[in-house]
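*Asks:* The sequence shown maps to residues 1 to 96 in the UniProt record's numbering.
Below is the structure I would like to discuss, written out as structure tokens.
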Amino acid sequence: MGKIYQIYVIGMEGKKMTIDVGESEEALNDMTVLAFKKLLLQKLPGSESAEDLRLLFGSKQLEDTDKFSAHEIKDKSTVLMVLRLPGGEDGNKPWE
Numbered sequence: 001m002g003k004i005y006q007i008y009v010i011g012m013e014g015k016k017m018t019i020d021v022g023e024s025e026e027a028l029n030d031m032t033v034l035a036f037k038k039l040l041l042q043k044l045p046g047s048e049s050a051e052d053l054r055l056l057f058g059s060k061q062l063e064d065t066d067k068f069s070a071h072e073i074k075d076k077s078t079v080l081m082v083l084r085l086p087g088g089e090d091g092n093k094p095w096e
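Okay, structure coming up:
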């Protein structure tokens, strides 16, 4: 059995989760943020959409198309997860 590459996620209420992302460094580096969000959703009861999640690494928000290698996210790195709130620059106005 080979090594499992993992990312730690700190979510709501400060709870820490461990997400297995692959069995090679190449798989980790090629992981997109969107693909990671889909793995993360499997551990979040009641969450249905990757669009509802925002991930932060260091001081930067991760975009869905970004690869982990672009942000130097490595095995055992910690990512902060927050929920996306309605409103903002995208013009999304669910109350209308």
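Each residue gets a CB set at the ideal place from its N, CA and C atoms; glycine is no exception.
Fair warning: this is a prediction, and the values are worked out from it, not measured in the lab.
Classify Leu-28 as helix, strand or coil using the three-state DSSP reduction.
*Replies:* Looking at Leu-28 - three-state DSSP - the assignment turns out to be helix.
*Asks:* Could you tell me which residues DSSP puts in a beta bridge with Met-81?
*Replies:* DSSP, once it has assigned bridges, lists Leu-55 as partnering Met-81.
*Asks:* Closest by CA to Glu-26, which one among Val-79, Leu-80, Asp-75?
*Replies:* When only C-alpha atoms are compared, the closest one is Asp-75.
*Asks:* Have a look at Thr-18, Gly-14, Lys-60 and flag the residue whose alpha-carbon is nearest the alpha-carbon of Glu-72.
*Replies:* Per the Cα distances, Lys-60.
*Asks:* Where Leu-83 and Gly-2 are concerned, what is the direct C-alpha to C-alpha distance, given to the nearest angstrom?
*Replies:* So the alpha carbons of these two residues sit roughly 34 Å apart.
*Asks:* In angstroms with no decimal places, state the Cα-to-Cα distance between Pro-45 and Phe-36.
*Replies:* Roughly 16 Å between the two C-alpha positions.
*Asks:* Can you give the Cα-Cα distance for Met-31 and Val-21, rounded to whole angstroms?
*Replies:* Near 8 Å, if we compare the C-alpha coordinates of Val-21 and Met-31.
*Asks:* Using DSSP with H/G/I as helix, E/B as strand and the rest coil, what is residue 99?
*Replies:* With the chain covering 1 to 96 only, the question about residue 99 has no answer from this structure.
*Asks:* Keeping to the same chain, check which residues put their C-beta closer than 8 Å to that of Asn-29; ignore five residues upstream and five downstream.
*Replies:* The answer, listed in chain order, is Lys-67, Phe-68, Ser-69.
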